[in-house]
Every structure is written in structure tokens, then in C-alpha cells.
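Here the structure comes first, spelled out in C-alpha cells, and everything after it is commentary.
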Amino acid sequence: MSKALGETIPEFNKKGGGGADVSLSGGLSALGSAGGARTRLEILVIILVAVIIIGGAELTLTVMEVPQYILPKPSQIATALVTEWTFIWPHLLVTLFELFTGFAIGASIGFLLAAVITQFPFVEKVVTPYILLLVTTPMLALVPLLILRFGFGSEPRIIAVALASGPMVMINAATGFRRTDLAKIALARSFGANTLQIFTKIRIPMAMPMIIVGLMVGSIFGLLTTVGAEMVGGAEGLGNRLTYYSSLIRMPQFFAIILLLATIGISIYVFFFWLGKKWASWEA
Amino acid sequence: MTAEHTKTKLSVTGASKYYQTKTGAVHALDDVSLEVREGEFLCIIGPSGCGKTTLLWSMAGLHDLSSGRVAIDGEVITKPHPQIAMIFQDANLLPWRNLEKNIELPFELKGTKPDRARIDKLLDRVGLVGFGNKHPRELSGGMQQRASIVRSLAVDPSVLLMDEPFGALDAFTRDEMNLLIQEIWMETGKTIAFVTHSIPEAIFLADRIVVMSARPGRIASIYNVDIPRPRPVSIQTEPDFIARVMEIKTRIDNQRGQQEDHSSVA
Chain A
1 MSKALGETIP EFNKKGGGGA DVSLSGGLSA LGSAGGARTR LEILVIILVA
51 VIIIGGAELT LTVMEVPQYI LPKPSQIATA LVTEWTFIWP HLLVTLFELF
101 TGFAIGASIG FLLAAVITQF PFVEKVVTPY ILLLVTTPML ALVPLLILRF
151 GFGSEPRIIA VALASGPMVM INAATGFRRT DLAKIALARS FGANTLQIFT
201 KIRIPMAMPM IIVGLMVGSI FGLLTTVGAE MVGGAEGLGN RLTYYSSLIR
251 MPQFFAIILL LATIGISIYV FFFWLGKKWA SWEA
Chain B
1 MTAEHTKTKL SVTGASKYYQ TKTGAVHALD DVSLEVREGE FLCIIGPSGC
51 GKTTLLWSMA GLHDLSSGRV AIDGEVITKP HPQIAMIFQD ANLLPWRNLE
101 KNIELPFELK GTKPDRARID KLLDRVGLVG FGNKHPRELS GGMQQRASIV
151 RSLAVDPSVL LMDEPFGALD AFTRDEMNLL IQEIWMETGK TIAFVTHSIP
201 EAIFLADRIV VMSARPGRIA SIYNVDIPRP RPVSIQTEPD FIARVMEIKT
251 RIDNQRGQQE DHSSVA
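Going down the list, the protein sequences come from chains A and B.
Under the UniProt record's numbering, the residue at position 10 of the first sequence is numbered 10, and the numbers go up by one with no gaps.
Under the UniProt record's numbering, the residue at position 139 of the second sequence is numbered 139, and the numbers go up by one with no gaps.
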């Protein structure tokens, strides 16, 4: 992308310059520039900046003599992560389990609903207000209610995650499914395609970029809701550990959990970015 | 050439079509009757909004008529027919598939194995060998349209319906494509119905030209083009060719003039 215009070969029907990095539409395109380092120099600079930030934090906190209970040093956080690992990892597994289960349920329902209702404009008009209600209402608010009904186990959190991620997947996928290209559908029909084939061979691939954006946004919302729900009640999960460690003012451990959560979030982003490149890179 | 063209391949009888829109019914086709003879190259020409695409899509079985019928070899068409293949405006390749997968689409939809030998031969014929793993966005408009021709011919239909296929191409590529389609037509003996709004293109390609008038779409007149084949691109600058273009153009202009008179009276 940074290459001078004169050095790039103009390619047919391509918007913007630049070789192979075809970014996704909509939500992904804004994030597209974050994808992939190229040259050795770029990697070196990236590492250098990371070292400066972490080292700078370490140095500043040491020099300013900031107490550990206000902001622990990076080295203390790393040490806490290693020493507490045996106590932390079962909670990590619980959080991942709740996130994956809730997201799988929510995303499946959201995807199917989007696929079905976009075929019936009237149904879509009827259903949309309720979907918007689900999208805009923080599902965390429902967690105490869900706990009353389902107890302190994983169920209320899984339900909350499904409720938070499903509508996100749905509205984005619906936007994708609404992009009907009559000529492409006519093409498939002219070769004798049935309704199911039009759906699998034309509508789904065409909606794919938006579906992936929906999955990405939905899973990030799912992560937020998982952690939030764990903080509200129960004795397991990384969210629970956050409340636990903060109540004991064990800040290095607290920040170690934050670090883990950030890692999960970034992994989700990287995964869907990769999926987008693989399945939806046709949309320049 | 005329003797073998007497058998009717595709017939349109009393075709009318109304579209229901928010502002009322639009009368797109009015009692159109038309015969496409076996092995014939027929061009349908007319101003935009004259219903020529509607007519072609009805012939492809892609949408219903309000009244009238379309038949291939006497068999009434109500849905897309395997003997009829459509070539669309702007090539209409699927952007998420590479060229090879695009060309295999018709086989995939029919649940049969792609006829590799035939596809390779066709790719060679249109000069697209070695582009199989390219995506449509990596190809020029002309190459995309060549691929779409291969896609349609790969399933060996007897009728090709072409809906302004070269309208978006530049003049040079357009000439090239017209030559190619003429050659393919002469080699394969397919029956072709070709919609265009370019009079020279229609004269260059057609055995017969059906001129349509607008709102509602009617057949205004039919011209025979008896220029011997193969017709070279250079023919388009010859006085005889230009005279034919002028003749059709004058007729269309007169028609439109008359229509405007009618509408001002009404």
C-alpha cells in the first residue's frame, strides 16, 4: 500500500493501489491496514516500539515509585501470570467454554434467522424492531435475572452470550443477504439452479464478507458479555477472577487476567481477519 | 445459407408482459410474435425501455409472460431450458470464483462432471488457456466476456440468448468480440438471439434484425441482412453498410416521431 504509484502495475477493475492485500468491505476495511507485516525492517520497528512501550512503562513506574496496588509493573504482571498460572487456567477454560458455546448457539440462530427473514420482506419488517431491541439492550442487565432462574453455573452466562452475539451476527448477515444481485441469480437459474442451490452458490458467497464481519463483532460482544456475566455472579471464570483479585488488591494478578482477556480478543480478531482473507477477499 | 434456416427453433407467440410497480402497471411487451429459425443469427434492436431484455428473459424462461407463450422445438417453455444458454451484460461472472470454477458452475448446478475436454477446447478457441486460476477482477472486460461465452457453450446448448453482451466494452474490444462470436456461430451452427442497441453491431452480426418500438414494446419491423459471410470488421466502413445503418436509423427515428405525435394528441 505504501508503494509509489509509478511502481505498481495497474490491475483491472481494482480500486486503489497495491498488490495482494485486498481488504474486506465495511467493518473490516477500516481494520485492513493492520494486516500482516512485510519486510524485516517493518518487523524490527514493530518489536522496537513494543520494547519501548513496555520498557518505558517498567522504567516510569519504577522511577516514579508508583505503588503496586495502583499500577503494577509489566515484570510483576508477567511474574504473577507465571506463578498463578495453575490457579488461573481452569478459569480460562471456563470462560472459553462459555464464550464458544454461547457464541456457537447465538451465531447459528442469528445466521439462520438472517437467511430466512431476508427472503420475506414483510417478516423482516415485523422482526427487525425486536432484533434492534436485542442489539441495543446490554445483555449484562439480564444476567441477575438469568441467575435467579438458572443458578450460578454456566447456563445463565451462556444464554447471555448467545443473546449478545446472536443479534450482532444477525443484523450483519441480514445486510449481506439483502444484497441481491438479480443478474447473478438469473444466471444460476438459467442453468437450472433450484432455490437451495441459489442460496448456497450465490446468496451465501455474496453475503460472506458481511457474515464474517458479523461473526467478528458478535464474538467480541460475546467476550465482553462472558466476562461481565462472570463478574456479576458465580465462582468461576476470568471475570470472577477480576472481582476476586481486585477485592484482595492483588493488582499484578488482576492485570495478568486483563492480559489474558486481551489475548483472547486479539486472537478472535486475527482469526476472523484470516477467515475474511480466505473466503471474502474477492470483494476489493 | 437460407435453405437450412427454414425450420423454426424458437417461437414467441402473442407475448405480452405487464410489470406491477408502485405507480401502477407498466406495459413492457405488447403482443410480440417472433420466430427464430434453426441456426439463425437474429438481432433484436430498439431504444432502451422497448422491452427487448424482457423479451429475451422470457425466451430464456427466466420470467413469466402475462399472456402468450414461448416454445423451443414446439415444447412450451415455462422455466429455464437445458437447450438454452444465456449470456449476460458485463459477463456476469461470480467474483468469488476463479475462471475455472466459474466455467464449471453450470455442471455443478446440474450435478454432472465438468466436460474438461470440451472446456479446454473452448478455452483454447477464445484464447484463455492458462487463466484458469485467475479471478474475474484480474481480467479485462473482454476476457471476462470470453469466459462467460465459454461457460455458456461448455454445456453445449442449441440456443444462445445474448443480452447486450458487449455493451460495456470499448469499441476495439467490441469489434474483436463481434468477430469472435461470428466465427463461433459459423463453426458451431448455434441458433443465436442477440439483443443490442447498436445498429452497426446488429447489421454486422445478424441474418435478420427485429426492430422494436418502445412503451409498450412491439415489433416495428424486421430486416433481412444479406451481406455474405464471413464479414470482416472493415465492412463497417463500406457505403453499402452505412446505407443500411442509415435506413434502420431513419425508420426508428420516424417511428419515435410518430409516437411522440400520438402521445401529444392523447
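We put the CB at the ideal spot given by N, CA and C, even for glycine.
Around the Cβ of residue i, are there at least 16 other Cβ atoms within 10 angstroms (buried) or fewer (exposed)?
| i | result |
| --- | --- |
| serine 165 of chain A | buried |
| methionine 186 of chain B | exposed |
| tyrosine 69 of chain A | exposed |
| phenylalanine 120 of chain A | exposed |
| arginine 116 of chain B | exposed |
| arginine 178 of chain A | exposed |
| serine 108 of chain A | exposed |
| leucine 132 of chain A | exposed |
| aspartate 163 of chain B | buried |
| proline 252 of chain A | buried |
| proline 232 of chain B | exposed |
| asparagine 224 of chain B | exposed |
| glutamine 145 of chain B | buried |
| lysine 278 of chain A | exposed |
| leucine 54 of chain B | The sequence as given places threonine at residue 54 of chain B; leucine does not occur at that position. The residue in question, threonine 54 of chain B, is buried, as its Cβ has 16 or more Cβ neighbours within 10 Å. |
Is the shortest distance between the beta-carbon of residue i and the beta-carbons of chain A less than 8 Å?
| i | result |
| --- | --- |
| alanine 85 of chain B | yes |
| alanine 3 of chain B | Model confidence at alanine 3 of chain B stands at a pLDDT of 48, short of 50, so the residue's coordinates are unreliable and nothing is read from them. |
| phenylalanine 41 of chain B | no |
| alanine 60 of chain B | yes |
| asparagine 254 of chain B | no |
| phenylalanine 131 of chain B | no |
| residue 336 of chain B | Because chain B spans 1 through 266 in this model, residue 336 of chain B falls outside it and cannot be assessed. |
| proline 106 of chain B | yes |
| proline 197 of chain B | Note on identity: in this sequence residue 197 of chain B is histidine, with proline being the wrong assignment. No - not a single Cβ of chain A is within 8 Å of the one on histidine 197 of chain B. |
| residue 329 of chain B | Lying outside 1 to 266, the shown extent of chain B, residue 329 of chain B is not represented and no answer is given. |
| lysine 52 of chain B | no |
| leucine 94 of chain B | yes |
| phenylalanine 241 of chain B | no |
| histidine 135 of chain B | yes |
| proline 80 of chain B | yes |
| phenylalanine 88 of chain B | yes |
From the DSSP output, in three-state form, read off residue i for me.
| i | result |
| --- | --- |
| glycine 214 of chain A | helix |
| arginine 69 of chain B | strand |
| glutamate 75 of chain B | strand |
| glycine 189 of chain B | coil |
| glutamine 83 of chain B | coil |
| alanine 154 of chain B | helix |
| glycine 27 of chain A | Note that glycine 27 of chain A has pLDDT 45, beneath the 50 cutoff, so the model's placement of it is unreliable and no number is given. |
| arginine 218 of chain B | strand |
| histidine 27 of chain B | strand |
| lysine 17 of chain B | strand |
| arginine 37 of chain B | strand |
| valine 66 of chain A | coil |
| valine 129 of chain B | coil |
| asparagine 102 of chain B | helix |
Per DSSP, which residues does residue i bridge with? Please list them.
| i | result |
| --- | --- |
| tyrosine 130 of chain A | Note: tyrosine 130 of chain A sits in no beta bridge, so no partner. |
| lysine 277 of chain A | Note: lysine 277 of chain A sits in no beta bridge, so no partner. |
| isoleucine 209 of chain B | B/Cys43, B/Tyr223 |
| methionine 162 of chain B | B/Ile87, B/Phe194 |
| lysine 9 of chain B | Answer is none; lysine 9 of chain B lacks a bridge partner. |
| leucine 71 of chain A | DSSP, once it has assigned bridges, lists no residue as partnering leucine 71 of chain A. |
| valine 32 of chain B | B/Ala15 |
Closer than 8 Å, CB to CB, is residue i near chain B or not?
| i | result |
| --- | --- |
| leucine 275 of chain A | no |
| tryptophan 282 of chain A | yes |
| serine 190 of chain A | yes |
| glutamine 68 of chain A | no |
| alanine 193 of chain A | yes |
| alanine 183 of chain A | yes |
| leucine 187 of chain A | yes |
| proline 74 of chain A | no |
| proline 121 of chain A | no |
| glutamine 197 of chain A | yes |
| glycine 32 of chain A | Unreliable placement is indicated for glycine 32 of chain A, whose pLDDT of 45 sits below 50; the coordinate value is still reported in the next sentence. So, not an interface residue. |
| isoleucine 266 of chain A | no |
| proline 205 of chain A | yes |
| threonine 8 of chain A | Confidence at threonine 8 of chain A is low in this model, with a pLDDT of 44, below 50, so its placement is unreliable and the value that follows should be read with caution. By this cut-off, threonine 8 of chain A is not an interface position. |
Report the neighbours of residue i on chain E: residues whose CB is nearer than 8 Å to its CB, in chain order.
| i | result |
| --- | --- |
| leucine 109 of chain B | Going by chain labels, chain E is absent from the structure shown, which instead holds the protein chains A and B. |
**OP:** At 4 residues or longer, and completely inside the region 120-179 of chain A: list those alpha helix (DSSP H) runs for me, N to C.
**Re:** 121-136, 143-150, 155-178
Enumerate, from N- to C-terminal direction, the unbroken beta strand (DSSP E) stretches of 3 or more residues contained entirely within the region 214-250 of chain A. none
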